[in-house]
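Some notes on the structure that comes next.
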Amino acid sequence: MTSRPAGTLAQRKRQLVADELTQAALGLLARGGFDAVTVDEIAAAAGVSKRTFFRYFASKEDVVVQFLTGLGEAMREELASRPAPEPPSTALRHTVWRSIDACAGQTERTLRVVQLILGTPALLARFLERQAQWREELAAVLAGRLGLDPATELYPRMAAGMALTAFHTVLQRWSESDGTEDPAALTDGCFAVIAPALDAVAGE
């Protein structure tokens, strides 16, 4: 009878420590650069030992990947929640915008984290790996919306890939401008380019 509440408390405590480590790491990495910041410094900033850090993350890269995970989850949830009659381009634009807004609509530190990811080869590689995973997840949701078989139809993966290319392009332009370009306008511009293909193919 008491094991479930204790387990919940332990999970919440673990999540709290993980969040503290993530926030400390992202702040230090954004200011100091990926190569310059050590695990010891991250642990000290979070008020834990280096040993504790490695109980939660295998490396500095994994801390940043944790930040990226939420972006993919948000996109999948948004696409699944869009109205069924909505054209694919509209649904996917809202899907992409949810995660872009989560980055661009927050603090300047988030901009520095995005710049860190896009400007660090090791982190960019992990980011692209994540996007490949997101493409499969979005393709599955899109196929379900359209009644298509993702194993045989080309459209779901192609459409998800185009949407994620727009996502990456907006983040890249926004970060290169040091946050001065309007991410909403960039998103609309990207989807103005790809919407005809998204909607024409889906309507066949």
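If you read the sequence shown in UniProt numbering, its first letter stands for residue 1, the second for the next number, and so on. Yeah, the Cβ is synthetic: ideal placement off N, Cα and C, and Gly gets one too.
Discussion item. Please report the distance separating the alpha-carbon of Ala160 from that of Arg135.
Written reply: 5 Å
Next item on the list: Pick out whichever of Asp149, Leu142 and Leu186 has its Cα sitting closest to the Cα of Leu79.
Entry: Leu142
Q.
Could you check whether Glu41 and Leu28 sit closer than 7 Å to each other, using their CB atoms as the reference points?
A. Yes, they are a contact pair.
- Query: Is Leu186 closer than 7 Å to Val170 when the C-beta atoms are compared?
  - Reply: yes
Q. Where Leu16 and Thr8 are concerned, what is the direct C-alpha to C-alpha distance, given to the nearest angstrom?
A. Using only the alpha carbons, I get a separation of about 12 Å.
- Task: Starting from the Cα of Leu92, find the closest Cα among Gly72, Ala104, Gly105 and Cys103 and give me that residue.
- Result: Among Gly72, Ala104, Gly105 and Cys103, the Cα nearest to that of Leu92 is on Gly72.
Any idea what DSSP makes of Leu148, helix, strand or coil? coil
Practice problem: From the DSSP output, in three-state form, read off Val48 for me. | Solution: coil
#### Entry: Cβ shell of Phe53 (< 8 Å), same chain only, five flanking positions each side left out
Leu21, Val39, Ile42, Ala43 and Ala46
| Do Val96 and Ala166 have their C-beta atoms within less than 7 Å of each other? | yes
Using the Cα positions of His94 and Leu138, report the straight-line distance between them to the nearest angstrom.
13 Å
### Task
Would you check if the segment 56-70 and the segment 118-127 touch, i.e. whether three or more CB-CB distances between them fall below 8 Å?
Yes, the segment 118-127 is in contact with the segment 56-70.
Practice task
Just confirm the distance between the C-beta atoms of Gln172 and Leu116, as a whole number of angstroms; I'd bet it's less than 8 Å.
Solution key: The C-beta distance from Gln172 to Leu116 rounds to 13 Å, too long to meet the 8 Å contact threshold.
Can you tell me which of the three DSSP states Val114 falls into? helix
Spatial neighbours of Cys103 in its chain, beta-carbon cut-off 6 Å, leaving aside the 5 residues before and after: Thr110 and Val114
**Request:** Confirm, please, whether the CB-CB distance from Ala74 to Arg98 is below 7 Å.
**Result:** yes
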